[in-house]
Each structure stands twice: as structure tokens, then as C-alpha cells.
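Student: Here it is, the structure, as C-alpha cells.
Residue numbers (this note's numbering): 1004 to 1697.
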């Protein structure tokens, strides 16, 4: 490398540093240290190795780039702007401002070229594991001799914070086991976090840890030496397993007084320090200005267009020889593709079959019966479980288990709920797959921030959470979910389905698979549930989130329930009917979907004029909005006990007898209230008469 080229590369890296300083200073908010510290690594990767097309950020065979340490978002925004993406300099000036395309942390769908939303540390590297897994599986499925149309890499920047988070252990362990050799991670080893030098709380042997995972580790790479970085990247690209490049860097590199300190992490440098830094870097351009020669050196539009065109020519040759495969690959990468006719037919068969059989079955088993029909018809479906396949029943007839370095469509994630969630997000972000994964509902707590990120990114990931209540029995309160259904329902954008029988389960799967703008959770029972309704016409009503199961002519009270408690509500209605009290029964498999229905449907299903009692084996809080101030909720606002399920339902009053009694009491109170109102009305009439006479 000539001295002139080395000087140019240094100034190209300094362009990132300058833009990061300027944007954080303008916003008076942000993290300049990481972009300044990783600028040289970014220059070595983006200008010389990354295969991408700024004119088409969604090109199927582009390399993926993830900033897992997402607080350093200005590094990514600078790279996107400099490379030629549709991110003009004015957007960098508006860093962290309302409705800008440069939010505080990278957000997929907001900024062109951003592959995933990062910020919660550790999840970006875990998303990247999912992306690399998707590339491996698609290449195995679609590539043919002489036609490698799926052939790209996934690159990640990450820091100490990502490695301290336990999720990085979960996902990176799997990446080594799966031998994802097209995954390359650059570790920003600067020894600094928000609280200062990390030695007092992070003394891990990180290289040894990753070697134990089965990664190739490149130790002690000078993160500010272009020659050393080039050599490291060459070695990384030749590896036969995932690679961790351990880059020794200085946070805030270039700043005379802030470099290497915690103050460079999350504070604007200030005008005086920025002036000193510009002088130290030899950067004389005005704020938010990039000299033409540097801008030209950074532009990737011409190179990207050539790479993309060459791939399109390869794909055309592939499509000529393998037209069926080519059409299928394109279909699977469409984000707006509806379910195929074959999948819709399988889902219809599953729902109608369940309605005809009227079997008493656990909804986890009913879910597997749906998968038995849908799995063979849906090649993009990729399932899995966090070491509970035999309990979650997430496998299906004809599935292929993915274990070790092999390939398949059912992933054994091991006991890694959070890692599973983030990897599924990566699979969905990459494209080509519809992921779902299972664990016990109580362990959704471990996965919850991954579920939240699914919702924030509007990813159509499906979570199968089984053993959904005290109905799991003897395992006791550690495994019996109480607050979990409500907790998931509180996440914006998540559809939480708690089906009452096999038919509702089939419809829940149908709606979850049809949904493309967010995640769905299926809460399923361990215990068998009776068939709840009659007639195939209820299938479309189920899809609206809540519907009437029992509607007598002389109804005077409404009983609302979800899941296993729908049977309790129906039994309570039968008890009340013996006394001449007619009760409407409403099944509410999905509050979220029901609340999106028009007012006419909502009021027709849950009439305001009827006193209402809700019953669910879980937290009662969210049900009050459906029963109203004068309604009642039978639920569980405490932890469970270890005992057979039947005994527990009796212990906690989740029985037909208790629900019927609460309905009687509600009606009695309503009658007393009506008498009181009538007396008040009579008194008002009498008072008016007295006043008139006077």
C-alpha cells in the first residue's frame, strides 16, 4: 500500500469521525466514542470488502451488516450517507430529532440500509446469527452446481456491552455449533463502558470463550492499522467457521482529551474539543461537509451497481436452468407475498377437520395437528423449540431436525429462550423463512425483550408458548404462568392468542401465518380441553378475536373467557340455566384482534346492557375493560401451588360453581342498583310535584 493510499484511507475514516462528532454535537445527545473508535475498521470493511448496492438496499444477495452496539448509530448513518444510500446530509444534521431518518438507535424500516433495529445490547449479534443461518439454509436448498445465487456474508460490529449480556453466549454458542462460516464479528475491544474502565466488572477471556464455542478467533488486531485490518479480514474470509476479530481500539480515537475515557462514550465532545480533534486529525472541512475527493472515494454506487448486475446475470442463467427453483426463491423473498393456495388449503382442512372431529384435545396437541398439515405445504416454515420439542409439540410429520452442522427446518435451540427469539428475528429479517419457536409460557420472561423487538420491527415471528396456566399442575408456581398472558398483551403490536379448543387453535395458526406486520403468540394448554362450539360458521368469527358461543333468547348476563376457562364458562351457563338464569358465553381467543374490530362487532359480541363476568386462569387486570366498572372478574392474582390441575382449579375458584355464584351475585347487585335508581326517580318525581304545588 502506498503512502498516498494510506493517507486517503485515514482521511476516509476521519470522515466518519467528523460526521459523528458533528451530529452528536448538533443534537447535544448521542454516543460519539464508538463511531470514532471503529471508524478505521468500518473503512476497511465497507470500502474494500462489503458487497452491497446503495441503490437497492433490499438486494437479495447483499452482504448483511449489523451494528450490535447500536448506541454507535452515527457510525452506521455516516457509512450509509458516504456510500450513497438515500440518506442525505440533512438527515445527519437532524440526528435524534423527531421524524428524522436518523433515530438515536438504528431502526429497520426507518433508514435505508439498516438491517435490524439494535440498541438492547447483545441482540444485534444474535440477529446476525439468524441471518447467517438463513443464508446457509437457503444456499443448501437453492444453490446448484455452477449456480451459487445465495452466497453472501453477515458482518457484525459489537462491543463489551454485547458480550456482557447473556444472550450473546446463547446465540454465539449456537453459531459455533452450526459452523456458520460466513459470519464475521468485529469486537471493539476498547476496555471502556459507561461506568468507566471495564476491568473491574468484565475480566472474561473473551477470545478463549469464543474459541470454546468453536469460532475462529483473531487476537490483538490493531483496530487503527489499515494493513493489519486488511490482513485480518483476509484470514476471516478464508475461515471454515464463524470468526471473531478482536480489535484493540481507543474509544473516541482522535480526540485529544476524551479518547480512551468513559466521557467519550455517551456525551457530545463540545465545541472546544471538536475544534481540537479536527486539528489533531487534520480535518479542515466545515461541520457536515465532506471534501469532494473523500466523498468520491467513499461512493459505492458504481461498484454496487456492477456487483448487483453481475449477480442478476448469474440469476438469469440459474432461472433458465432451474425455473421452478428461481420462482420459489423470489416468492419466498417477497415481504408482501400472501400464503400460497396450498397453505391456505392446509389451514382450511385443519380448521374444518377439528370442527368435525369435536375431539377433547390439549391445544398444544391441536397445534401440532395443524403443523402436520401445514408443514409439508409450506417450505419456508422453520420451527424450533428451546429444548422442549416433546412438550411444546413444535415438530411435525416429515420435519427435518437441524442439529450440529447440518441443515433442516426444525431447529433445536437448546435451553436458550432469549437466543431463540433473537435468532428467529434474524431469520425473519433476512428473508426466505417464516420462523416459529416454542417454550413454556412462564419462560416467555426469558424471551420477552426478543418478543418486544419482533413487535418493534413488525416481524411476523410466531411464538408457541405452551403449559399456559396452573393447568400444568404438579410442576408448581415456578412453572405456572400467572401474569404472562397479560404481560405479552401489553406489548404493542403483539397478537396474543389463547384458544379454547382445536378449532380455535387452527384459526389462531391461520391468522398468525397470514399476518405479515407483527408477531403472534399462541398460548396453549398441557391438559385436554373439550370441543367448545358447534358449526363451521364460527371459524370466521374466531378470526375476529372474540365471538358468541352461547346466545339464549332471554339472556340476562354475559360470561367472558379465554382458553381452558371457556369450558368453565359454558358449564357455569348450564348451571345458571337450571335456575332459569340465561347466560351468554363469549370466547375471547385474542383480545388484541378483537379490539381492532369495528365498534358494531365489539358491541354485538359484548353488549353493554348485560352485566358481565370474565374468567381466566391468570392476572385479572386487563379483563376489567371488557366487564366494566360494575362487572366481575374471576382470575388468579397470586402465584400457584404444586398439585394436580383439577385440585388447583378448585382451590383458586376457577370452577363453574364459583363463576355461576359470581354471576348470581352480580345480577343481585344489578337488581338492587336498579331498585335504588327507580327509588331515586320516584323521589325526584315526588319532589317535583311538591315544588309545583308550592
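We put the beta carbon where it would ideally sit given N, CA and C, even for glycine.
What beta strand (DSSP E) runs, 3 residues minimum, are completely inside the stretch 1425 to 1451?
Tutor: If we require 3 residues or more, the beta strand (DSSP E) runs fully inside the stretch 1425 to 1451 come out as 1437 to 1443.
Student: Residue 1363 and residue 1533 - do their beta-carbons sit closer together than 7 Å?
Tutor: yes
Student: Measuring only the C-alpha atoms, how far is residue 1438 from residue 1463?
Tutor: 8 Å
Student: Looking only at C-alpha atoms, which of 1074, 1057 and 1032 sits nearest to residue 1038?
Tutor: 1074
Student: Distance, Cα to Cα, residue 1281 vs residue 1021?
Tutor: 8 Å
Student: Under a Cβ-count criterion, where at least 16 other Cβ atoms within 10 Å of its own Cβ denotes burial, should residue 1436 be classed as buried or exposed?
Tutor: Counting Cβ neighbours within 10 Å, residue 1436 comes out buried, since at least 16 surround it.
Student: What ranges does the alpha helix (DSSP H) occupy inside the stretch 1293 to 1359, keeping only unbroken runs of at least 4 residues that lie completely in it?
Tutor: Counting only unbroken stretches of 4 or more residues, the alpha helix (DSSP H) elements lying wholly within the stretch 1293 to 1359 are 1295 to 1301, 1304 to 1324 and 1326 to 1335, in sequence order.
Student: Going by C-alpha distance, which of 1142, 1050 and 1109 is nearest residue 1008?
Tutor: Checked all of 1142, 1050 and 1109; the closest Cα to residue 1008 is 1050.
Student: Residue 1685 to residue 1638, Cα distance in whole Å?
Tutor: For residue 1685, the pLDDT reaches just 45, beneath the cut-off of 50, and the residue's location in the model is therefore unreliable, although a value from the coordinates is still provided. One C-alpha to the other measures close to 39 Å.
Student: Using CA coordinates, which residue listed in 1258, 1482 and 1511 is at the minimum distance from residue 1366?
Tutor: 1511
Student: Taking three-plus beta-carbon pairs below 8 Å as touching, is the stretch 1590 to 1602 in contact with the stretch 1563 to 1573?
Tutor: yes
Student: Quick check: the Cα distance between residue 1185 and residue 1307, rounded to an integer number of angstroms?
Tutor: 20 Å
Student: Is residue 1169 helix, strand or coil when you go by DSSP?
Tutor: helix
Student: Could you tell me if residue 1540 is buried or exposed, where buried requires 16 or more neighbouring beta carbons within 10 angstroms of its beta carbon?
Tutor: exposed
Student: What number of angstroms, rounded off, separates the C-alpha of residue 1484 from the C-alpha of residue 1309?
Tutor: 54 Å
Student: Check each candidate in 1479, 1645, 1559 and 1567 and name the one with the smallest Cα separation from residue 1616.
Tutor: 1559
Student: What are the uninterrupted segments assigned as alpha helix (DSSP H) that are 4 or more residues long and contained completely in the stretch 1512 to 1576, given in chain order?
Tutor: 1541 to 1545
Student: Which partner residues does residue 1015 have in the DSSP bridge list?
Tutor: Answer by DSSP bridge pairing: none, since residue 1015 is not bridged.
Student: Could you give the DSSP three-state label for residue 1680: helix, strand or coil?
Tutor: The predicted position of residue 1680 is uncertain, since its pLDDT is 41 and thus under 50; a value taken from the coordinates is nonetheless stated next. Correct three-state label for residue 1680: helix.
Student: Pick out whichever of 1434, 1300 and 1397 has its Cα sitting closest to the Cα of residue 1339.
Tutor: 1434
Student: Please go through the stretch 1163 to 1245 and give each complete alpha helix (DSSP H) segment of 4 or more residues, from N-terminal end onward.
Tutor: 1163 to 1167, 1169 to 1181, 1209 to 1216 and 1229 to 1240
Student: What does the alpha-carbon distance come out to for the pair residue 1406 and residue 1314?
Tutor: Between residue 1406 and residue 1314, the C-alpha separation is close to 31 Å.
Student: Is it true that the stretch 1403 to 1423 meets the stretch 1481 to 1499, where meeting means three or more beta-carbon pairs spaced less than 8 Å apart?
Tutor: no
Student: Check for me: the beta strand (DSSP E) holding residue 1590 runs from which residue to which?
Tutor: 1585 to 1590
Student: Among 1212, 1047 and 1119, which has the Cα closest to the Cα of residue 1236?
Tutor: 1047
Student: Judging by CA-CA distance, which residue of 1229, 1457 and 1248 is the nearest neighbour of residue 1110?
Tutor: It is 1457 whose Cα lies nearest to the Cα of residue 1110.
Student: Is it a yes or a no for the stretch 1265 to 1280 touching the stretch 1231 to 1249, going by three-plus beta-carbon pairs under 8 Å?
Tutor: no
Student: Candidates 1385, 1044, 1288 and 1452: which alpha carbon is nearest residue 1129's?
Tutor: 1452
Student: Does residue 1287 pass the burial test, meaning 16 or more other C-beta atoms within 10 Å, or should it be called exposed?
Tutor: exposed
Student: For residue 1366, name the three-state secondary structure that DSSP assigns.
Tutor: helix
Student: Where does residue 1494 fall in DSSP's three states?
Tutor: Assignment of residue 1494 by DSSP, reduced to helix, strand and coil, places it in the coil class.
Student: If you measure between the beta carbons of residue 1058 and residue 1016, is that distance less than 7 Å?
Tutor: no
Student: Using the C-alpha atoms, what's the distance from residue 1611 back to residue 1531?
Tutor: 33 Å
Student: Who pairs with residue 1388 in a beta bridge, going by DSSP?
Tutor: Looking at the DSSP output, residue 1388 shares a beta bridge with 1415 and 1441.
Student: In the structure shown, what three-state DSSP assignment does residue 1500 receive?
Tutor: strand
Student: Please report the straight-line C-alpha distance between residue 1097 and residue 1029, rounded to a whole angstrom.
Tutor: Rounded to whole angstroms, residue 1097 to residue 1029 spans 8 Å at the Cα level.
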